[in-house]
Amino acid sequence: MSHNAVPKLNRMASAVRMVERYLPSSFYATGYTFLFNSMVKLAGTAGIRIEELSHSQSTVTLKNRRKIQNHIGGLHACSMALAAESATGILVGMNVPDSKIPLLKSMKVDFVKRCQGDIRVTAWLDDQDRLRMLEQDKGDVTVPVKVEDDAGNEPFKAEMIWAWVNKNRSKDNKTVESKE
0 MSHNAVPKLN RMASAVRMVE RYLPSSFYAT GYTFLFNSMV KLAGTAGIRI
50 EELSHSQSTV TLKNRRKIQN HIGGLHACSM ALAAESATGI LVGMNVPDSK
100 IPLLKSMKVD FVKRCQGDIR VTAWLDDQDR LRMLEQDKGD VTVPVKVEDD
150 AGNEPFKAEM IWAWVNKNRS KDNKTVESKE
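Under numbering that gives the first Met the number 0, the first residue of the sequence shown carries the number 0, and numbering increases by one thereafter.
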């Protein structure tokens with residue numbers, strides 16, 4: 000995306016801009032987290048925290064708390080997958096126009112090491128993928144994600160494929176059918 004072309008902010012990006020405008024930088028993570036968790040209730044229940052957020056990168060953390068642990072005291076597999084979905088989903092949500100709906104199309108998670116402690120998940124998008132979200136009516140993107148636990152290991156590898164479609168797609172189809 001060229002540096003001269005600034006896309007119109009969608010509702011999520013506008014809300015993030017408000018957080019950054021009215022809160023001191025030391026409270027950005029709290030503001031981002033409140034916004035996201037009010038939209039995605041399960042993320043709030045699990046304790047997902049949005050540490051960093053921009054149009055090109057997001058970082059979320061998940062603390063190893065008792066209510067989301069597995070039978071051996073580590074983070075439950077589903078809670079770790081939720082952290083990866085949240086990091087990638089909020090990033091896609093920052094970039095799709097309000098006229099489109101982001102949908103998780105595919106989630107592939109390979110658990111490769113035992114998780115030790117909390118996790119930090121970072122997702123990113125390049126300018127080319129962000130531009131496609133703005134210009135194409137529908138499409139999909141594989142959002143790269145990196146996971147790190149307290150020991151510095153990568154307990155799982157994830158591949159998250161997000162799609163976007165026009166919000167009014169079903170309305171448009173009904174309108175066409177009724178005209179025929």
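Glycine included, every Cβ here is placed at the ideal spot set by N, Cα and C.
Here the segment 113-126 lies against the segment 89-102, with 3 or more beta-carbon pairs under 8 angstroms apart. DSSP links E158 through a beta bridge to K107.
In the three-state reduction of the DSSP assignment, R64 falls in the coil class. The C-alpha of M132 is placed about 29 angstroms away from the C-alpha of I118.
Cβ neighbours of A42 within its own chain (closer than 8 angstroms, five residues either side excluded): F35, N36, L81 and S85. Contact between the segment 107-114 and the segment 154-163 is present: 3 or more CB-CB pairs across the two stretches fall below 8 angstroms.
Within the same chain, S98, K99 and I100 come within 7 angstroms of K166 by CB-CB distance, once the 5 residues on both sides are set aside. Counting other Cβ atoms within 10 Å of its Cβ, G72 stays below 16 and is therefore classed as exposed.
If you ignore the 5 residues before and after V59, its C-beta comes within less than 7 angstroms of the C-beta of I47, R48, I49, E50, A82, S85, A86 and V120, all in its own chain and listed in chain order.
The continuous alpha helix (DSSP H) containing V18 extends over residues R10 to Y21. About 5 angstroms separates the beta carbons of Y31 and L52, which is inside the 8 angstroms limit, making them a contact pair. Scanning its chain for C-beta atoms nearer than 6 angstroms, with the 5 sequence neighbours on each side dropped, one finds around A12 the residues M93, in chain order.
Judged by beta-carbon spacing, W161 lies within the 8 angstroms limit of L102, meaning their Cβ atoms are closer than that value. The alpha-carbon separation between V140 and I89 amounts to approximately 14 angstroms. Counting along the chain, the unbroken beta strand (DSSP E) around I118 starts and ends at I118 to W123.
When DSSP states are grouped into helix, strand and coil, V91 belongs to the helix group.
Straight-line spacing of the CA atoms in C77 and L130 works out to 31 angstroms.
In the structure shown, N165 adopts extended strand secondary structure according to DSSP, grouped into three states.
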